[in-house]
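Residue numbers (the numbering used here), protein chains in the order written: chain U, 72 to 322; chain B, 105 to 328; chain S, 12 to 267.
As structure tokens, the structure follows; a few thoughts come after it.
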Amino acid sequence: MVAVLQTRWIWPGFTAALMALTLWMIFLWVPTEINQGNIQRSLYFHVPVAWIAMVAIILVAVASVAYLKTRDEKWDRLAVAGAETGVIFAGLMLITGMIWAKPVWGVWWTGEAKLTTTLILFFIYVAYLMFRAYFPPGEQRRRLAAIIGLLGAIDTPIIYIGAQLWERAHPSAVVGPLSETDSSVDGPIGTTLMVAVLAFSVLFFYVARERYRLRKQEDEVAELRRAVSLRPASAVASAMGTAGALAGSAD
Amino acid sequence: MAPALATIWTLARKDLLLELRSRDIVLAVVVFALLVIAIFTFAIELTPSRSRDVGPGVLWAAIAFAGVLGINRSFAIEAERDTLDGLMLTPVSRELIFFGKVLGNFIFITVAEVVIFPVFEALFNINVLQVETIAIALLASVGFSAVGTVFAAMSVRVRSREIMLPLLFLPTSVPLIMAAVESTSEVVNGGSWSDFSEWLQLAIAFDVIFVIASAVLFQFVLEE
Amino acid sequence: MTTVTTPANLQTTGSSNDSPANIRAIEATGIEKSFGNVAVLRGLDMTVRDGEAVAIFGANGAGKSTLLRLLSTLARPDHGSISIYGRDMAQGSETARLSLGAVLHSPMLYGDMTIQENLTFFGRMFRIPELDARVHEVAGRMGLTRRLEQRVRELSHGYQKRAALARALLHRPRILLLDEAETGLDEPARRVLDGVVAEHRGAGHAVVMTTHSVERGIAESDRVLVLAGGRFALDEPSSGVTPADVTGLYADPGDA
Chain U
72 MVAVLQTRWI WPGFTAALMA LTLWMIFLWV PTEINQGNIQ RSLYFHVPVA
122 WIAMVAIILV AVASVAYLKT RDEKWDRLAV AGAETGVIFA GLMLITGMIW
172 AKPVWGVWWT GEAKLTTTLI LFFIYVAYLM FRAYFPPGEQ RRRLAAIIGL
222 LGAIDTPIIY IGAQLWERAH PSAVVGPLSE TDSSVDGPIG TTLMVAVLAF
272 SVLFFYVARE RYRLRKQEDE VAELRRAVSL RPASAVASAM GTAGALAGSA
322 D
Chain B
105 MAPALATIWT LARKDLLLEL RSRDIVLAVV VFALLVIAIF TFAIELTPSR
155 SRDVGPGVLW AAIAFAGVLG INRSFAIEAE RDTLDGLMLT PVSRELIFFG
205 KVLGNFIFIT VAEVVIFPVF EALFNINVLQ VETIAIALLA SVGFSAVGTV
255 FAAMSVRVRS REIMLPLLFL PTSVPLIMAA VESTSEVVNG GSWSDFSEWL
305 QLAIAFDVIF VIASAVLFQF VLEE
Chain S
12 MTTVTTPANL QTTGSSNDSP ANIRAIEATG IEKSFGNVAV LRGLDMTVRD
62 GEAVAIFGAN GAGKSTLLRL LSTLARPDHG SISIYGRDMA QGSETARLSL
112 GAVLHSPMLY GDMTIQENLT FFGRMFRIPE LDARVHEVAG RMGLTRRLEQ
162 RVRELSHGYQ KRAALARALL HRPRILLLDE AETGLDEPAR RVLDGVVAEH
212 RGAGHAVVMT THSVERGIAE SDRVLVLAGG RFALDEPSSG VTPADVTGLY
262 ADPGDA
């Protein structure tokens, strides 16, 4: 019982409570939408997740600019946390979009502008993370990743404009039984949607923060290793058999 | 301004001279792009209307994939004897080095397109050699060169650079590829400038934004 | 374009005493540089004055090449500052590069261009006046006159190294950075290199070299530095140093 009151449980506790409320609202509280039926409920996941995928690239961009300005590692950690959560949420956005589109529009995939943009954004996140995976750790990796993150963020609105033009040029293959109907987002539907967006924002904040803290701890371990290798050579040899061998590979 | 332009031209001319000697880049780009186009001619049964539908997409996908190879090569040459370091030792600013490389890559891609377009026209039986498509091709080449140059300077230091460059380059270039495909489609279906003016605006916006952003960020790429 | 300050102008900053021996060509303080989790340089200080030739020794991996890359402006230190003729490189290194000539491990020349084309290209990057004459002058000095029309790719390692030295000398740098420049050179070429170093010292300019041949390094320098554990373990005038003093400090736990 005491553990619940500890500060480190505040965020996960709050997030879990809000998510529980959201799930209750989505599945029990909000009435079924008349035209689309139960499948419309996936909208309460799809919209917040899409929103977070976009917020995450802004986080990556802001953190990247801050890193290039200050060269403070914390900004790099924040950018990675943003990209890692961003790639998950972009992926979820695509999956929920397809689950919804199949029964409603009759196709898994359409050239809908937001879907297209998120797909490309997903690939930008993947490229960012793969570059980091390929590149040896250090200042250079942090700096180059920041450039990729920043260019990706600059590109996102251009991709969206392009995707909108493209959607207009190709009135898409929306042939499903309900393709003509339009859903309104007033009343309970609107309220549920707003609570869901709030809940997923809190979840995003929580997950990104946890990822940031894990990165920080990893970096602290690395820094400790480096500090050990900074001690006089004789002490290094006795304290850590491998440190000298590591230093030997650096010329 | 004039000395800066002279420096950019000296840098690009150096790349052209190397290319004249080795013929590494343009030849690879042309052959690869034509191969992609040729494979599509028997992957798809080309009726005249189908050619007009899928042709522009095939053309620009081929140029984007082949262009990425060429830009990769133009930086592999700089890595061979660490000449990128040699450039960095000169008092020339990083921006001018960037513009020099962009100009070189732009010329390579444009020259490759000069060969690719007529062959594509013959294979697909659609008329792409028009003023409008040439303008689109030039706009696309500018954007490809800018984006490709900044990403190639990064991925040249990664162990699997052949994989890394397309992964960075292709998603970023999507708006430009869209613009090129859609404008070319309009042209081969008899459209005029006004039918794809929005796409042209998008391509110009992409070029301006990415030339400036890449030039500004290039100095951070070259640091060590 | 930014206006270019000549090295001659730079000299006058930072020193009230105008005797060449007191002009600080290079001043590095608190230099730290890590690659990944490995600290290579750990708070290193060094000063090189005009007219001074400094030889840096150290075991493999001691950080000699890293230090020369930092001094040549190719790399930036994680911490600490480097000034060239009193000008902090963090405030823009473009003018500093006019006073620096570097020969590093790789020749930094284009394989498919001839020596003359390479030298002319790099000369243009430095905006050297009367470039053609200067190219021939430097090539002659390095014994390359008859090979000016050969492509770098076709040259032996030794001639590529000579060409690299010619590239480094082209713009008359006041500071010469040589990273194991003598490797791969035959006897005549080494004598040319020795001549270049001696001439540079004699003209009141600074030389920083790394080398594995301790005797030669001591003989050709005014001061000897030994890099161990990321700092200088020895900093003495060359006259009072024996080869044994230097190699005795090489002990590196990584070798054990």
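All C-beta atoms, glycine included, are put in the ideal place defined by N, C-alpha and C.
These numbers come from a predicted model, not from an experiment.
At a CB-CB cut-off below 7 Å, which residues of chain U make contact with residue i?
{"i": "G228(S)", "result": "Those within 7 Å of G228(S) in chain U number zero; the least Cβ separation is about 17 Å."}
If we count the other Cβ atoms within 10 Å of its Cβ and call it buried at 16 or more, is residue i buried or exposed?
{"i": "N48(S)", "result": "buried"}
{"i": "H211(S)", "result": "buried"}
{"i": "T252(U)", "result": "Residue placement at T252(U) is poorly supported in this model, since its pLDDT is 47, which falls under 50; the coordinates are not used for a value here."}
{"i": "G247(B)", "result": "buried"}
{"i": "V312(B)", "result": "exposed"}
{"i": "H182(S)", "result": "buried"}
{"i": "G251(S)", "result": "exposed"}
{"i": "I143(B)", "result": "exposed"}
{"i": "M268(B)", "result": "buried"}
{"i": "N231(B)", "result": "exposed"}
{"i": "P248(U)", "result": "Here the model assigns P248(U) a pLDDT of 46, short of 50, so the residue's position is not dependable and the matter cannot be decided."}
{"i": "A91(U)", "result": "exposed"}
{"i": "I37(S)", "result": "buried"}
{"i": "M258(B)", "result": "buried"}
{"i": "A137(B)", "result": "buried"}
Does the Cβ-Cβ distance between residue i and residue j come in under 8 Å?
{"i": "R242(S)", "j": "G54(S)", "result": "yes"}
{"i": "Y231(U)", "j": "A184(U)", "result": "yes"}
{"i": "D89(S)", "j": "E210(U)", "result": "yes"}
{"i": "F273(B)", "j": "S287(B)", "result": "no"}
{"i": "Y138(U)", "j": "R213(U)", "result": "yes"}
{"i": "S110(S)", "j": "T84(S)", "result": "no"}
{"i": "M119(S)", "j": "D119(B)", "result": "no"}
{"i": "I97(U)", "j": "T227(U)", "result": "no"}
{"i": "I175(B)", "j": "N209(B)", "result": "yes"}
{"i": "T214(B)", "j": "S245(B)", "result": "yes"}
{"i": "T86(U)", "j": "A267(U)", "result": "no"}
{"i": "T131(S)", "j": "V146(S)", "result": "yes"}
{"i": "T323(U)", "j": "A88(U)", "result": "For chain U, the structure presents residues 72 to 322; residue 323(U) sits outside this window and is missing."}
{"i": "A113(S)", "j": "A150(S)", "result": "no"}
{"i": "L238(S)", "j": "I126(S)", "result": "no"}
{"i": "F271(U)", "j": "I128(U)", "result": "no"}
{"i": "Y205(U)", "j": "G223(U)", "result": "no"}
{"i": "I191(U)", "j": "P275(B)", "result": "yes"}
{"i": "T58(S)", "j": "G91(S)", "result": "no"}
{"i": "V325(B)", "j": "L215(U)", "result": "yes"}
Residue i versus chain B: which residues are under 7 Å apart at the beta carbon?
{"i": "F206(U)", "result": "V262"}
{"i": "P118(S)", "result": "R185"}
{"i": "A198(U)", "result": "L271, L272, P275"}
{"i": "M53(U)", "result": "Residue 53(U) is absent from the structure shown; chain U starts at 72 and stops at 322."}
Whose Cβ in chain S lies nearer than 7 Å to the Cβ of residue i?
{"i": "R297(U)", "result": "S45, N48, A50"}
{"i": "A293(U)", "result": "N48"}
Name, please, each residue of chain B whose Cβ falls closer than 9 Å to the Cβ of residue i.
{"i": "R212(S)", "result": "By Cβ distance, chain B contributes nothing, its closest Cβ being about 22 Å from R212(S), past 9 Å."}
{"i": "I195(U)", "result": "L272, P275, T276"}
By the criterion of Cβ-Cβ separation under 8 Å, what are the contact partners of residue i in chain S?
{"i": "T114(B)", "result": "F132, R135, M136"}
Which chain B residues are close to residue i, counting only those with a beta carbon under 8 Å from its beta carbon?
{"i": "W237(U)", "result": "M282, E286"}
{"i": "L181(S)", "result": "Neighbours of L181(S) on chain B: none; closest Cβ ~10 Å, over 8 Å."}
Residues within the region 208-231 of chain U neighbouring chain B, beta-carbon criterion of under 8 Å
Q211, R214, L215, A217, I218, I219, L221, L222, G223, I225, D226, I229, I230
Ignoring anything shorter than 3 residues or poking outside the region 178-246 of chain S, list the beta strand (DSSP E) runs there in chain order.
186-190, 217-221, 234-239
Taking only beta carbons into account, state which residues of the region 150-169 of chain U come closer than 8 Å to chain B, listed in chain order.
none
Going along the region 47-68 of chain S in order, which residues come within less than 7 Å of chain U, judged by CB to CB distance?
Look at the region 47-68 of chain S: the residues with a C-beta under 7 Å from a C-beta of chain U are G47, N48, V49, A50, V51, R53.
Compile a chain-ordered list of the residues in the region 79-92 of chain S whose CB is closer than 7 Å to at least one CB of chain U.
D89
Residues of the region 303-326 of chain B in Cβ contact with chain U at a cutoff of 8 Å, in chain order, please.
W303, L306, A309, F310, I313, F314, A317, S318, L321, F324, V325
Closer than 8 Å, Cβ to Cβ, to anything on chain S: give me those residues from the region 181-201 of chain B, in chain order.
I181, E184, R185, D186, T187, D189, G190, L191, M192, L193, T194, P195, V196, S197
Which runs of the alpha helix (DSSP H) fall wholly inside the region 78-104 of chain U and span at least 4 residues, in chain order?
81-95
Ranges of the alpha helix (DSSP H) found wholly within the region 158-230 of chain B, counting only runs of at least 4:
Restricted to the region 158-230 of chain B, the alpha helix (DSSP H) segments that are unbroken, complete and at least 4 residues in length are 187-192, 198-228, listed in chain order.
Counting only Cβ-Cβ distances shorter than 7 Å, please list the residues of the region 127-144 of chain U near chain B, keeping chain order.
Here the close residues are L139.
Alpha helix (DSSP H) segments (min. 4 residues) lying fully within the region 108-165 of chain U:
114-141
Could you run through the region 120-152 of chain B and flag, in chain order, every residue whose CB is less than 8 Å away from some CB of chain S?
Result list: L121, L122, R125, S126.
Taking the runs of the beta strand (DSSP E) that are 3 residues or longer, which of them lie wholly in the region 80-163 of chain S?
90-95, 111-114
Quick one, which residues of the region 133-145 of chain S are near chain B if we go by CB-CB under 8 Å, in chain order?
F133, R135, M136, F137, R138
Give me the subset of the region 210-235 of chain B whose CB atoms are less than 9 Å from a CB atom of chain U, sorted by chain position.
none
What residues in the region 256-283 of chain B have a beta carbon less than 7 Å from any beta carbon of chain U?
M258, V262, R263, S264, M268, L271, L272, P275, T276, V278, P279, M282, A283
What are the start and end residues of each continuous alpha helix (DSSP H) run of 4 or more residues lying completely inside the region 168-231 of chain U, in chain order?
184-205
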